[in-house]
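*Asks:* Pasting in a structure now, in structure tokens, and then I'll have a few things to ask.
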């Protein structure tokens, strides 16, 4: 569960950047157990790897914890939707 939360955070960071300032996080990433902690898990996670492939139209993330089966996720990169307009309406009258 924590792995999924971590992957979602990474994806949010990638998607929140504009195209001009979007960092390229492609590469192989490994958990640094000396600087990380997972006190809520028994046994604690000490071996986690991410392989990130960032392209113009999508991001692929393959994650693996210890010897567990790898998990692959694909996030399409799309333009952010426009926020809906704020509408205010005032009505006067009586119940019919």
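Residue numbers (this note's numbering): 1014 to 1109. Glycine included, every Cβ here is placed at the ideal spot set by N, Cα and C.
Under the assumption that residue 1064 contacts residue 1075 (Cβ atoms under 8 Å), give the Cβ distance between them as a whole number of angstroms.
*Replies:* Contact flag correct, Cβ pair sits at about 4 Å.
*Asks:* Return the residue from the list 1055, 1083, 1069, 1104 that minimises the CA-CA distance to residue 1091.
*Replies:* That would be 1069, whose Cα lies nearest to the Cα of residue 1091.
*Asks:* Can you say whether residue 1061 is buried or exposed, counting buried as having 16 or more other CB atoms within 10 angstroms of its CB?
*Replies:* Burial call: buried.
*Asks:* Name the two residues that bound the continuous beta strand (DSSP E) containing residue 1073.
*Replies:* That run of the beta strand (DSSP E) goes 1071-1078.
*Asks:* How many Å lie between residue 1089 and residue 1107 at the Cα?
*Replies:* If you take the alpha carbons of residue 1089 and residue 1107, they lie about 50 Å apart.
*Asks:* Which same chain residues end up closer than 6 Å to residue 1059 when comparing Cβ atoms and leaving out the 5 residues on each side of it in sequence?
*Replies:* Correct list, in chain order: 1046.
*Asks:* Run through DSSP, which three-state label would residue 1043 get?
*Replies:* Correct three-state label for residue 1043: strand.
*Asks:* Taking just the CA atoms, how far does residue 1035 sit from residue 1093?
*Replies:* If you take the alpha carbons of residue 1093 and residue 1035, they lie about 14 Å apart.
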